[in-house]
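Last residue of the sequence shown: number 492 in this note's numbering, and the count goes up by one each step with no gaps.
Beta carbons are placed, not taken as given, at the ideal position from N, Cα and C, and that holds for glycine.
Computed from a predicted structure; not experimentally measured.
These notes are about the structure you will find just below.
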Amino acid sequence: MKKIAFFTTIFALALFLGASVCQAQGGGAKQGPDVVRDPDMEKDSLHNLEVAREYFKLRKAYVASLQRCEEVLAGNPAFSKIDEVLYIAGTSSLNLAEAKGKQKPDQYVVHEGDKKSTLTTQDFRDKARDYLSQLVNSYPQSKFKDEALEDLKSLGGAKPKQSAP
């Protein structure tokens with residue numbers, strides 16, 4: 328009987344410690360057993376994020392940074408660091424709207440079938456507001472939230488969170 332009580336106590340302790348460690352690992356993106364992530368997609372998305380960071384911080388190449396972020400957003404919306412991707416995409420768009428950086432905004436080309444077009448300053452501002460609002464609304468625990476809120480002030484504030492249909 329003592330053995331059963333001992334093993335039950337050890338098992339309960341292991342469950343308790345395991346649960347607390349899992350909760351302590353918080354983060355910006357959705358986590359938990361219901362979030363399924365493909366390891367290959369995570370690896371590819373992480374590479375694109377690292378390249379986007381390089382373009383964003385060191386090279387001030389906001390067109391290239393935005394394109395890398397959009398590639399992650401389109402290909403892996405469940406990426407574990409999607410909050411950072413949204414922040415870089417939003418801030419890159421805002422910088423392009425203000426004609427900052429080493430790349431000119433007209434280098435960002437939108438392809439619609441055979442037609443190619445560039446974005447206006449207002450289009451970049453709208454993109455920035457969309458990305459930063461999504462960050463603030465979907466990932467309120469993100470470490471990028473405060474910076475996003477600061478950037479959103481110049482864009483008219485965050486858009487209200489859209490409810491699911």
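Where in the region 361-449 do unbroken runs of the alpha helix (DSSP H), each at least 4 residues long, occur, reported from the N-terminal end onward?
366-380, 389-402, 409-424
At which residues does the alpha helix (DSSP H) containing residue 493 begin and terminate?
The displayed coordinates of the chain run from 328 to 492. Any statement about residue 493 would go beyond what the structure contains.
Could you check the C-alpha separation between residue 406 and residue 372 for me, to the nearest Å?
Residue numbering aside, residue 406 sits at position 79 when the sequence shown is read from its first letter. Residue numbering aside, residue 372 sits at position 45 when the sequence shown is read from its first letter. Cα to Cα, the separation comes out at about 7 Å.
Using the rule of at least 16 other Cβ atoms within 10 Å of the residue's Cβ for burial, across every protein chain shown, is residue 483 buried or exposed?
For this step, residue 483 is matched to residue 156 along the sequence shown. With fewer than 16 Cβ atoms within 10 Å of its Cβ, residue 483 is classed as exposed.
Helix, strand or coil, according to DSSP, for residue 486 in the structure here?
Taking the first residue of the sequence shown as 1, we reach residue 486 at position 159. Here residue 486 sits in coil by DSSP.
Using the beta-carbon count (16 or more within 10 Å), is residue 441 buried or exposed?
Taking the first residue of the sequence shown as position 1, residue 441 is located at position 114. Exposed: under 16 other Cβ atoms inside 10 Å.
When the Cβ atoms of the region 395-412 are set against those of the region 366-381, are three or more pairs found closer than 8 Å?
yes
Please return the same chain residues whose Cβ sits closer than 6 Å to the Cβ of residue 387, not counting the five positions on each side in sequence.
Within the sequence shown, numbered from 1, the residue matching residue 387 stands at position 60. Contacts found: 428, 429.
Can you give me the C-alpha to C-alpha distance between residue 459 and residue 449, rounded to a whole angstrom?
As a first step, residue 459 must be located in the sequence shown, where it is residue number 132. As a first step, residue 449 must be located in the sequence shown, where it is residue number 122. C-alpha separation (whole angstroms): 15 Å.
From this set, 434, 380, 418, 392, which residue's C-alpha is nearest residue 474's C-alpha?
Here residue 474 is taken as the residue at index 147 of the sequence shown, counted from 1. Closest option to residue 474, Cα to Cα, is 418.
Kindly indicate which residue of 480, 466, 461 has the alpha-carbon position closest to the one of residue 487.
By one-based count along the sequence shown, residue 487 stands at place 160. Among 480, 466, 461, the Cα nearest to that of residue 487 is on 461.
With 16 other CB atoms within 10 Å as the buried threshold, where does residue 377 fall?
Here the question's residue 377 lines up with position 50 in the sequence shown. Per the 10 Å Cβ criterion, exposed.
Assumed close pair residue 454, residue 420 - CB separation to whole angstroms, cut-off 8 Å:
On the sequence shown, position 127 is the one that residue 454 refers to. On the sequence shown, position 93 is the one that residue 420 refers to. Their Cβ separation, rounded to whole angstroms, is 4 Å, which keeps residue 454 and residue 420 in contact under 8 Å.
Should residue 394 be labelled buried (16 or more other beta-carbon atoms within 10 Å of its own) or exposed?
Working through the sequence shown from its first residue, we reach residue 394 at position 67. Looking at its Cβ environment, which holds 16 or more other Cβ atoms inside 10 Å, residue 394 is buried.
Buried or exposed for residue 478, please, with buried defined as at least 16 other CB atoms from any protein chain shown within 10 angstroms of its CB.
Here the question's residue 478 lines up with position 151 in the sequence shown. Residue 478 comes out buried.
If you draw a straight line from the C-alpha of residue 452 to the C-alpha of residue 444, how long is it?
For the purposes of this step, residue 452 is identified with residue 125 of the sequence shown, where counting begins at 1. For the purposes of this step, residue 444 is identified with residue 117 of the sequence shown, where counting begins at 1. Distance between the alpha carbons of residue 452 and residue 444: 17 Å.
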